[in-house]
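Numbering (this note's numbering), first residue to last: 5 to 305.
In this text, a Cβ means the ideal position worked out from N, Cα and C, and glycines have one as well.
Scroll down for the structure; my scribbles are underneath it.
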Amino acid sequence: MPGTIIVGLDGSLESRAAAEWAAREAALRGAGVRLVHVWLPVPERMAKAPLLGPETHHHWTERVPREAAQGLRLRHPGVEVTFDQRTGAVAEALLEASHDAELLVLGSRALSGLSGFLVGSAGQSVVARAEVPVILVRAREQATDEHVKDPVGIPSAATAFRPVVLGLDTDSPDESVIGFAFEEARLREAPLTVVQGWNLPASAVYDLAAGVGPREDITRERAAALTETLLPWRQKYPDVEVVEISRLGSPANHLVDASRDASLVVVGRRVRRSPFGVHIGSVAHAVMHHATVPVAVVAHD
Numbered sequence: 005m006p007g008t009i010i011v012g013l014d015g016s017l018e019s020r021a022a023a024e025w026a027a028r029e030a031a032l033r034g035a036g037v038r039l040v041h042v043w044l045p046v047p048e049r050m051a052k053a054p055l056l057g058p059e060t061h062h063h064w065t066e067r068v069p070r071e072a073a074q075g076l077r078l079r080h081p082g083v084e085v086t087f088d089q090r091t092g093a094v095a096e097a098l099l100e101a102s103h104d105a106e107l108l109v110l111g112s113r114a115l116s117g118l119s120g121f122l123v124g125s126a127g128q129s130v131v132a133r134a135e136v137p138v139i140l141v142r143a144r145e146q147a148t149d150e151h152v153k154d155p156v157g158i159p160s161a162a163t164a165f166r167p168v169v170l171g172l173d174t175d176s177p178d179e180s181v182i183g184f185a186f187e188e189a190r191l192r193e194a195p196l197t198v199v200q201g202w203n204l205p206a207s208a209v210y211d212l213a214a215g216v217g218p219r220e221d222i223t224r225e226r227a228a229a230l231t232e233t234l235l236p237w238r239q240k241y242p243d244v245e246v247v248e249i250s251r252l253g254s255p256a257n258h259l260v261d262a263s264r265d266a267s268l269v270v271v272g273r274r275v276r277r278s279p280f281g282v283h284i285g286s287v288a289h290a291v292m293h294h295a296t297v298p299v300a301v302v303a304h305d
């Protein structure tokens, strides 16, 4: 449904955090939220048990999205919240539900002892195949995490949003990814930090071995390419403050570093038509698993 944000809900802490994030995003967009709860039918052996039969199973599975929807309506009274129950494979059900949606939001568990996400196989399958942007939200994500602290250093959701961060490859920029990041920054009235990481070409390595230093020239060329790519977007979004970062080194590492002070990180995922395996891309995959804030993965050709 147009104007709807789909949330994959299974009752876990991470999926509830995803639902809260979706409600806040829906308020910014003027959209609605639909909670999609996928459950497996009762096996025949369980169906014969009086306390574990299909009616009892359905009651408890229906209770999860119903109570979650009620809570969201109370906490976000301006957002229309509905829920939907589906059976079958989780990834297939979520992909089908998100077909005409604006966004698909999933929860991801924090890695034990580390900063970052743990994205399960179903989640990775959804990210790799979804046609709409997929947002990954970690467990215990709070509204205050997206905002700068107040003047005395106390977390607050009433202060300005932290920057939105965009990972951009100027060798193959995509308008859908760039446009998504600018729009998210506009909705939040937040700065947009655009990060470009790059490596020296093989020829430059040989030049360095010969005592020639082309690094400064390449650095200027890369920075100029970033500025040129963003110029029309700056003109289209004059109210969005843009910070450009172009650095030598791993794009994923630079994005993860930038995410520590961000409210959202946006990365692209090239659509691959191969029916074999899960294809997300090395940069998007690394950011998905190691960024400390919600990550938006935007598919592009």
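field: Identified DSSP bridge partners for D186
entry: Correcting the residue identity first, residue 186 is Phe in this sequence and not Asp. Paired residues: none, contrary to the question.
Same chain, Cβ closer than 6 Å to A288, five either side skipped, listed in chain order: V271, R273, V301
task: Determine the contact status of V37 and L76, defining contact as a CB-CB distance below 8 Å.
output: yes
Selection from E24, A147, G12, E245 that minimises the alpha carbon distance to V130: G12
- prompt: Is it the case that the Cβ atoms of V83 and A147 are separated by a distance below 8 Å?
  reply: No, Cβ-Cβ distance for V83 and A147 is not below 8 Å.
query: Can you name, in chain order, every residue of its own chain whose Cβ lies under 6 Å from the Cβ of P194, other than the five neighbours on each side?
result: Rather than Pro, the amino acid found at residue 194 in this sequence is Ala. These residues qualify, in order along the chain: F165, P167, V168.
Proximity winner among E220, V152, R219, relative to S267 (alpha-carbon distances): When each option's Cα is compared against that of S267, the closest is V152.
query: To which residues does DSSP link D175 through a beta bridge?
result: Its beta-bridge partners do not exist; DSSP assigns none.
message: Is the separation between the beta-carbon of E179 and that of S112 shorter than 8 Å?
response: no
message: Give me, in chain order, the residues of the same chain whose beta-carbon lies closer than 8 Å to that of V291; leave out the 5 immediate sequence neighbours on both sides.
response: G171, A256, L259, V260, S263, V269, V271, V299
Status (buried if at least 16 other CB within 10 Å, exposed otherwise) for I10: buried
field: Nearest-angstrom Cα separation, counted from E245 out to L252
entry: 23 Å
Whole-angstrom C-beta distance between E96 and T8, which should lie under 8 Å: With a Cβ gap of about 19 Å, T8 and E96 do not count as contacting.
message: Taking 7 Å as the limit between beta carbons, can you name the residues of its chain near Y4, skipping five residues before and five after?
response: Because residue 4 is not part of the residues shown, which for the chain are 5 to 305, the question remains open.
query: Under the three-state reduction of DSSP, which class applies to D261: helix, strand or coil?
result: helix
query: Going by alpha carbons, who is nearest to D265 out of L196, Q74, T223?
result: L196
- prompt: Which word fits G201, buried or exposed, when buried means at least 16 other C-beta atoms lie within 10 angstroms of its C-beta?
  reply: buried
- prompt: Quick one: is the Cβ of R142 within less than 7 Å of any heavy atom of the ligand HEM?
  reply: With respect to the ligand HEM, the structure shown offers nothing to examine, as it has no ligands at all.
task: For V40, write down the residues that DSSP places opposite it in a beta bridge.
output: DSSP output for V40 lists G12, D88 as bridge partner(s).
field: Option in A161, W25, I158 with minimal Cα separation from V138
entry: Per the C-alpha coordinates, the member of A161, W25, I158 positioned closest to V138 is W25.
field: For S160 and P236, the rounded distance between their alpha carbons
entry: 34 Å
task: Identify, in the order they occur along the chain, each residue of the same chain with its Cβ nearer than 6 Å to the Cβ of T233, setting aside the five sequence neighbours on each side.
output: T174, P177
query: Name the DSSP beta bridge partners of L196, please?
result: V168, V246
message: Can you look up L252 in the DSSP assignment and give me helix, strand or coil?
response: strand
query: Rounded to a whole number of angstroms, what is the C-alpha to C-alpha distance between E14 and V68?
result: According to the sequence as given, residue 14 is Asp; it is not Glu. Their backbone Cα atoms lie some 7 Å apart in a straight line.
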